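For reference, the structure is listed below as structure tokens.
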Amino acid sequence: MFSRLAKLMSGSTEPSLAADLYQQRLAIYESELGEPEHSFTDSAERRIDIHAFGRDFVPACQEGSDEGYVLLTNGMSEQRMPGVRGDAKRRVELMWYVREPTPDVCDNLRWLANLPFIDTTWFGFGHRVALPRPPVAGTDFQTFLFLTPIIGPDKCIAETLEIAGDPVEILTVNLISHQELALIKRRGLDPFLDLLDENDYPPIFDPARKSYV
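1 is the number of the first residue of the sequence shown in UniProt numbering; add one for each residue after it.
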């Protein structure tokens, strides 16, 4: 038991304990989002599954519907990200709001979830990952931006997740344009977040979204 705890505290887990933590995370996800409609399992040694939870993004108090999916990784937080600075959280799971859980969306989400451990880096609020080409069909945007959830159930998940005393951050995945990235680099993140509010930034990823800059 002591050896299992020591491995957990150091940032790695035995397979049996990892399976327990996997189920614990899934139970927390399901307590807020219901059962996933799809789960995309990973056969790699660092197992990062992706769960797709159906959601109508129009609040219950409003008319109409806007159906899509909440995608959530399950497994990224098994390992502490290297080099985390300051008060940032050392463990993360990623969330992406999409219309459909297509293979290219899921592949990109899993790739992002593995990236900190491949490049010896870490993700936090406001961090970006710039790519040489658009990662998803139908968009010209090439930069991923990580924010934190603002929707109630998703915030609750972020407040509940924990491994060995480490709180687990939930970061939402967003794609932004070259011009929007330049604005963030020039003026900081807050002016861009103001633009999102002013333009009623849609919660569900829209590959055809026009740049706000």
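Built from N, CA and C at the ideal position, the CB exists for glycine as well. Remember, predicted model here, so these are calculated numbers, not experimental data.
Asked: Can you check DSSP and say which residues form a bridge with Arg55?; Found: Gly68
Asked: What are the boundary residues of the beta strand (DSSP E) that Leu131 is part of?; Found: Premise fails: Leu131 is in no beta strand (DSSP E) and is neither H nor E.
Asked: Run through the DSSP bridge pairs and tell me what Phe144 is partnered with.; Found: Val129 and Leu175
Asked: If you follow the alpha helix (DSSP H) that Glu93 is part of, which residue opens it and which one closes it?; Found: Where Glu93 is concerned, there is no enclosing alpha helix (DSSP H), although the beta strand (DSSP E) it sits in stretches over Arg91 to Val98.
Asked: What does the alpha-carbon distance come out to for the pair His51 and Gln23?; Found: 12 Å
Asked: Looking only at its chain, what residues have a beta carbon closer than 8 Å to the beta carbon of Lys89, apart from the 5 residues adjacent to it on each side?; Found: Gly124, Asp166, Pro167, Val168 and Glu169
Asked: Based on DSSP bridge pairs, tell me the residues matched to Glu169.; Found: Val92
Asked: Relative to the C-alpha of Gly83, which residue among Tyr201, Pro191, Thr120 and Leu112 is closest?; Found: Thr120
Asked: Under the three-state reduction of DSSP, which class applies to Glu162: helix, strand or coil?; Found: strand
Asked: Going by beta carbon distance, what residues of the same chain come within less than 7 Å of Arg128, once the five residues before and after it are set aside?; Found: Thr143, Phe144, Leu145 and Leu181
Asked: In angstroms, rounded to a whole number, what distance separates the CA positions of Leu195 and Tyr212?; Found: 7 Å
Asked: Less than 8 Å between the C-beta atoms of Pro161 and Glu93, yes or no?; Found: It should be pointed out that residue 161 corresponds to Leu in this sequence rather than to Pro. Yes, the pair counts as a contact, with Cβ atoms nearer than the cut-off.
Asked: Pull up the distance between the alpha-carbon of Asp140 and that of Gly188, whole angstroms please.; Found: 22 Å
Asked: Is Ile50 helix, strand or coil by DSSP?; Found: strand
Asked: Among residues of its own chain, excluding the 5 on either side of Ala137, which ones have a beta-carbon nearer than 8 Å to its beta-carbon?; Found: Asp104 and Pro207
Asked: Quick check: what's the CA-CA separation for Lys185 versus Ala18?; Found: 38 Å
Asked: Leaving out five residues before and five after Cys106 in sequence, what residues of the same chain have Cβ atoms less than 6 Å from its Cβ?; Found: Phe40 and Ile50
Asked: Identify, in the order they occur along the chain, each residue of the same chain with its Cβ nearer than 6 Å to the Cβ of Pro203, setting aside the five sequence neighbours on each side.; Found: Phe57 and Tyr97
Asked: Please report the distance separating the alpha-carbon of Gly152 from that of Arg55.; Found: 13 Å
Asked: With distances taken Cα to Cα, identify the nearest neighbour of Tyr29 among Arg91, Leu71, Val173 and Leu115.; Found: Leu71
Asked: I'd like the span of the alpha helix (DSSP H) that includes Phe192, first residue to last.; Found: Leu189 to Glu198
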